[in-house]
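The numbering of the sequence shown is the numbering used here, which starts it at 400 and goes up by one.
Note that CB positions come from ideal geometry on N, CA and C, so glycine has one too.
Encoded as structure tokens, the structure appears first; notes follow it.
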Amino acid sequence: MEQGKLLKEVAKALGVSLLITILFLVLIAFIMLKSGLGEDIVSKIMIAGYVLAPAAGGFLLGKKRKVNRFLWGLFIGVIYYFIYMAIAVCTQNVPITDLLWVAVPVCLGGMAGGMLS
């Protein structure tokens, strides 16, 4: 029973993270459409999204698990990163080495969310 409960909590935390990512991308697209932001500003906003989305998932899972919260947040960050990497490689045909820089903010964001819970 415990494994099923844990799986549901992890799935819910990842779902929240992915929902925040989708909302963030829609918001950025709308802002770009209306204001014509430059690529450097958009990339900084995206990095903020890479930190905030797994942080929300880490926060949610940390609240549920109550023990080793930062590790649960890191766990969400790692899973989020692998999902991000799989989607990027499949849709954009990007080499995996180009995506390694994203791992640090994503994992640290998840860990920070877990610690703040």
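Annotated three-state conformation of K465 is coil, per DSSP. Judged by pairs of C-beta atoms under 8 Å, the segment 492-500 does not touch the segment 461-479, as fewer than three such pairs exist. When C-beta atoms of the segment 439-447 are compared with those of the segment 471-484, fewer than three pairs fall below 8 Å, so the two segments do not count as touching. Here the alpha carbons of G512 and G456 stand approximately 7 Å from one another.
With respect to the C-alpha of A502, the residue from I482, I430, L417 having the closest C-alpha is I482. Counted as a single uninterrupted DSSP element, the alpha helix (DSSP H) harbouring L418 occupies residues 401-434. Spanning the alpha carbons of P453 and E408 requires a straight line of approximately 14 Å.
Comparing alpha carbon positions, the residue from Q402, C489, T420, G461 closest to Y479 is T420.
Here K462 has S516 as same chain residues with Cβ atoms under 7 Å from its own Cβ, once five neighbours each way along the sequence are excluded.
DSSP, read as helix, strand or coil, puts G437 in coil.
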